[in-house]
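Presented below is the structure to which this report refers.
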Amino acid sequence: MSSAADTAAVAARAASEHDWRFMQLALALGRRGLGRTWPNPAVGAVLVKDGVIIGRGWTQPGGRPHAETEALKRAGKEAKGATLYVTLEPCSHHGKTPPCADAIIRAGVVRVVSALEDVNPDVAGQGYAKLRERGIVVETGLGADEATRAHAGHSRRMREGRPQVLLKLAASSDGKAGLSGRKPVAITGEASRLRVHQMRAEADAILAGIGTVLSDDPHLTCRLPGMFDRSPVRVILDAKLRIPLSTALVGTAREVPVWVFGAQGASPMAEDILKAKGVEVFRVEAKDGRLDLQQVVKALAERGITRLMVEGGPTVAAAFLAADLVDDAALFRSPNEIGMTGISVLEGLPLSALTQSPKLTRVASEMVGDDSLSVYERA
70 MSSAADTAAV AARAASEHDW RFMQLALALG RRGLGRTWPN PAVGAVLVKD
120 GVIIGRGWTQ PGGRPHAETE ALKRAGKEAK GATLYVTLEP CSHHGKTPPC
170 ADAIIRAGVV RVVSALEDVN PDVAGQGYAK LRERGIVVET GLGADEATRA
220 HAGHSRRMRE GRPQVLLKLA ASSDGKAGLS GRKPVAITGE ASRLRVHQMR
270 AEADAILAGI GTVLSDDPHL TCRLPGMFDR SPVRVILDAK LRIPLSTALV
320 GTAREVPVWV FGAQGASPMA EDILKAKGVE VFRVEAKDGR LDLQQVVKAL
370 AERGITRLMV EGGPTVAAAF LAADLVDDAA LFRSPNEIGM TGISVLEGLP
420 LSALTQSPKL TRVASEMVGD DSLSVYERA
């Protein structure tokens, strides 16, 4: 290889490394918005000129302003001649805000490096096309794997009309989730509990069954210091609308939203009482006292929920698994046993229904304090 070719190859590698570094920053910025931007995706954007970052942005709470316009606002006139790194295709349609593609064109950006095409049919490549028509260089696919995970909820909602579902389970070393009689017991340690609160902060909504509410009286909020405002919408499956008014959930419904799903035939009076307390009630079909989960997740998506964390008891966990509605799973395992009298993590199913499911693949494992954590993704 000639000296000139060597120099060109080194320059190309350096440019590629710079692109990767700036895209990693965009991905990190986008993650700041997880759980706060629904119904919009949590996008990150970085503007770079002559190797210097001149603007950063991420989707703001409630889904707007978008990441690109935030970065452009910070860059100001310096955006002219810059490269934009963004984790999702810039929008090209008029919604509640003007198209980001138009703002990029007006700002004089000359190159856009985008991780992932938006599956939203209102965009779906049209943002890229609009930029290219105006002479802007568009490169796609850098950081696509990471962006696919970050935007999985948005993509699932667009394609299937339901949110991405994360099932969180805590099990003893012998696969139990509680004491006999469904008495609650601490399974995992403090480090795992802190990790779970972080997961809650990144979810749009968290779901549990009425059994968990009656036995544990949970808050289902994010209790990390300074992060209460990152608490997700709390969703309760309660076919008969029998949630007591004295529960922590009902008592705090005006601080953090509580959505209760009941059967079509549940008491109208109970619904009125819950509404008066600030609880929103949804009605779906039920069979043998079990709510139709397909209708539940569809209703959540229609309200804008893209990332649903299921943290209910064994009955709810098994129902979501049996309905093939689990896209990701986080299994925390304690080193301690509960014993034969304990209740299983999955009602009526062995734990292997999750750990050996052909629909799920284990993609990571680590120690969290004294507990182990195994992470699964849809195969």
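Numbering-wise, the working numbering comes out as the position in the sequence shown, counting from 1, plus 69. We put the beta carbon where it would ideally sit given N, CA and C, even for glycine.
| Check | Outcome |
| --- | --- |
| By how many angstroms is the C-alpha of GLY102 removed from the C-alpha of LEU235? | 17 Å |
| When you compare each of PRO326, VAL115, GLY131 and CYS160 to LEU141 by their alpha carbons, which one comes out closest? | VAL115 |
| Which residue or residues does DSSP assign as beta-bridge partners of ALA448? | None, per the DSSP bridge assignment. |
| Give the single residue among GLN425, GLU340, ARG376 and PHE389 whose Cα lies nearest to the Cα of GLN363. | PHE389 |
| So, is ALA77 buried or exposed, given that buried needs 16 or more other C-beta atoms within 10 angstroms? | Since pLDDT at ALA77 reaches only 48, below the 50 mark, its modelled position is unreliable, and the value read off the structure follows with that caveat. Label assigned to ALA77: exposed. |
| Does VAL79 pass the burial test, meaning 16 or more other C-beta atoms within 10 Å, or should it be called exposed? | Confidence in VAL79 is poor, its pLDDT being 44 and thus under 50, which makes the residue's placement unreliable; the coordinate value appears in the next sentence. Exposed: under 16 other Cβ atoms inside 10 Å. |
| Just tell me which of ALA370, HIS135 and GLY120 has its CA closest to the CA of GLY126. | HIS135 |
| Going by DSSP, what residue range makes up the beta strand (DSSP E) through LEU238? | 233-240 |
| Is GLU324 helix, strand or coil when you go by DSSP? | coil |
| Who are ALA332's beta bridge partners in DSSP? | VAL353 |
| Out of curiosity, what's the CA-to-CA distance linking PHE297 and VAL265? | 14 Å |
| Is DSSP giving LEU318 helix, strand or coil here? | helix |
| To the nearest whole angstrom, what separates the beta carbons of LEU343 and PRO383, a pair I think is in contact under 8 Å? | LEU343 to PRO383, Cβ: 25 Å. No contact. |
| How far does the beta strand (DSSP E) with ILE305 in it reach, from first residue to last? | 302-306 |
| Is ILE173 helix, strand or coil when you go by DSSP? | helix |
| Count the other CB atoms within 10 Å of the CB of GLY358; is the residue buried (16 or more) or exposed (fewer)? | exposed |
| Rounded C-beta distance between ILE123 and ALA151? I'm assuming under 8 Å. | 6 Å |
| Given this structure, state the Cα-to-Cα distance separating MET70 from VAL207, to the nearest angstrom. | Reliability fails at MET70, whose pLDDT of 47 lies under 50, so the model's placement of it is uncertain and no value is given. |
| Excluding sequence positions up to five away, which residues of its chain have a Cβ less than 7 Å from the Cβ of THR290? | PHE297, SER300 and VAL325 |
| Smallest Cα separation from GLY239: which of LEU400, GLU406, ALA433 and VAL437? | Note that residue 239 is Ala in the sequence shown here, rather than Gly. Residue LEU400 is the option with its Cα nearest to ALA239. |
| Among ILE275, GLY438, VAL444 and THR424, which one has its Cα closest to the Cα of THR257? | GLY438 |
| Which residue wins for smallest C-alpha separation from PRO167, given the options PRO130, GLU158 and THR138? | THR138 |
| Using DSSP with H/G/I as helix, E/B as strand and the rest coil, what is MET409? | coil |
| When you compare only the Cα positions, how much space is there between THR410 and LEU248? | 7 Å |
| Once you ignore the five residues that flank TRP23 on each side, which residues in its own chain have a CB closer than 7 Å to its CB? | In the structure as shown, the chain begins at 70 and stops at 448. Residue 23 is therefore absent and cannot be evaluated. |
| Taking the straight line between their C-alpha atoms, what separation do you get for LEU420 and GLY244? | 7 Å |
| Label ASP214 either buried or exposed according to how many other C-beta atoms from any shown protein chain fall within 10 Å of its C-beta, with 16 as the threshold for buried. | exposed |
| Whole angstroms is fine: what's the gap from ALA81's alpha carbon to CYS160's? | Since pLDDT at ALA81 reaches only 47, below the 50 mark, its modelled position is unreliable, and no value is offered. |
| Is DSSP giving SER441 helix, strand or coil here? | strand |
| Between the C-alpha atoms of HIS220 and PRO110, what's the straight-line distance to the nearest angstrom? | 6 Å |
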